[in-house]
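Just below is one structure, and these are the notes that go with it.
2 protein chains.
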Amino acid sequence: METENTVKPMDLYKVHVAVVLKGSRDPEGETILRDVVLAGGINYVAKVVSGKYLSFTVKSSNGEEAVKLVTNLCRDLRIFNPTVHKLIVLGVEYGGSSGC
Amino acid sequence: METENTVKPMDLYKVHVAVVLKGSRDPEGETILRDVVLAGGINYVAKVVSGKYLSFTVKSSNGEEAVKLVTNLCRDLRIFNPTVHKLIVLGVEYGGSSGC
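Those protein sequences? They're chains L and H, same order as listed. Residue numbering for the first sequence follows the numbering used here, beginning at 12 and increasing consecutively. Residue numbering for the second sequence follows the numbering used here, beginning at 12 and increasing consecutively.
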């Protein structure tokens with residue numbers, strides 16, 4: 012029989028984020044567009060943005076909290092530099108129970 | 012009056028993708044987890060995966076086609092190396108009419 016003090020098991024959530032440059036210039040994205048995509052004969056691409064992809068699998072009680080935990084840790088641990096970068100949250104997916 | 016030959020204007024879609032390592036090892040992700048996250052005193056992160064983020068803004072008639080265009084161009088232009096990398100489609104968003 013469960014008691015009232017039973018600890019709710021935390022679930023795992025995978026939060027997908029990207030760190031991209033803040034300003035209007037993105038030399039890497041521009042180069043991929045010009046020297047790879049357009050030079051490769053593809054004419055339906057208007058813009059390419061490049062950046063760093065990271066996913067964090069975190070223990071959390073819900074997806075919204077997982078996103079908050081990840082955005083906070085990225086800011087607090089200087090995973091990105093807020094002066095020149097911005098963090099984009101690309102999505103969160105349920106990753107099963109962590110059993111703890 | 013519109014004729015039957017009126018060309019449907021194409022819309023712009025932004026497709027978000029990530030290029031990550033295929034195997035079980037991801038030295039960069041492991042280092043971020045060990046030397047940044049855990050060393051920073053954060054104990055709710057189970058895993059970190061690192062990779063390259065790219066977004067492609069493409070002219071397309073719908074989102075599904077936009078994703079197909081981007082995955083094909085990434086494969087054909089060797090944006091990633093299928094021997095060691097895999098491409099993850101993280102999402103697609105509507106980006107307005109291109110007017111052409």
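The beta carbon of each residue, even a glycine, is placed where N, CA and C say it ideally should be.
CB contact check: residue i to chain H, cutoff 7 Å
i, result
"L:PHE91", "no"
"L:ALA57", "yes"
"L:THR68", "yes"
"L:TYR64", "yes"
"L:VAL95", "no"
"L:LEU47", "This sequence places Val at residue 47 of chain L; Leu is not what is there. It does: the Cβ of L:VAL47 has a partner Cβ on chain H nearer than 7 Å."
When the options are compared against residue i, the one with the closest alpha-carbon
i, options, result
"L:LEU88", "H:TYR24, H:ASP46, H:ASP37, H:LEU23", "H:ASP46"
"H:VAL69", "L:LEU101, L:GLU76, L:ILE53, L:ALA29", "L:ILE53"
"L:CYS85", "H:ASP22, H:VAL48, H:GLY40", "H:VAL48"
"L:PHE91", "L:LEU23, L:LYS33, L:ASP22", "L:LYS33"
"L:GLY106", "L:VAL30, L:GLY74, L:ASN83, L:THR82", "L:GLY74"
CB contact check: residue i to chain L, cutoff 7 Å
i, result
"H:ALA29", "yes"
"H:SER61", "yes"
"H:VAL26", "no"
"H:LEU101", "yes"
"H:GLY51", "yes"
"H:LEU7", "Since the displayed chain H opens at 12 and closes at 111, residue 7 of chain H lies outside it and no answer follows."
Three-state class that DSSP yields for residue i in the structure shown
i, result
"H:THR82", "helix"
"H:VAL48", "helix"
"L:THR42", "helix"
"L:LEU102", "Looking at the sequence provided, one finds Gly at residue 102 of chain L rather than Leu. Correct three-state label for L:GLY102: strand."
"H:ASP37", "coil"
Rounded Cβ spacing between residue i and residue j (contact assumed at less than 8 Å)
i, j, result
"H:TYR55", "L:LEU80", "6 Å"
"L:TYR64", "H:SER66", "With a Cβ gap of about 11 Å, L:TYR64 and H:SER66 do not count as contacting."
"H:VAL26", "H:VAL100", "7 Å"
Cross-strand partners of residue i (DSSP beta bridge)
i, result
"L:GLY62", "L:VAL31, H:TYR64"
"H:LEU23", "H:LYS70"
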